[in-house]
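Engineer:
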Amino acid sequence: MGAETGQRKISLGDTVKIKFENGEIKSYTVVSSDKTDPGNGFISDMCPIGRAVIGATAGEKKKYTIHGKETGLEIVEIFKK
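Under this note's numbering, think of the first position of the sequence shown as 3, with each following residue one higher.
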């Protein structure tokens, strides 16, 4: 599994390092909804953050809505499966 900083797009099974608008940085692996476990870093491709990052590239900024509030994130780094 290697870090990607070029134009590789995030897909199912990839791990992504995300910087949220509040400055917090977290890493998540994007998985199918039957394998989701957010407490252990596995988010569904169907959850708001998962939908925002699928198809994104490193350095890209995305918006998503959670609990009725729009917020943003930036893709810091992608680790391909």
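We treat Cβ as the ideally placed atom computed from N, Cα and C, and that holds for glycine.
(1) For Asp39, does the count of other Cβ atoms within 10 angstroms reach 16, so buried, or fall short, so exposed?
(2) State the beta-bridge partners of Thr31 as determined by DSSP.
(3) Residues bridged to Gly74 by DSSP?
(4) Excluding sequence positions up to five away, which residues of its chain have a Cβ less than 7 Å from the Cβ of Lys28?
(5) For Ile12, does the three-state DSSP call read helix, strand or coil?
Structural biologist: Working from what's here:
(1) exposed
(2) Thr17 and Phe44
(3) Lys65
(4) Ile20
(5) coil
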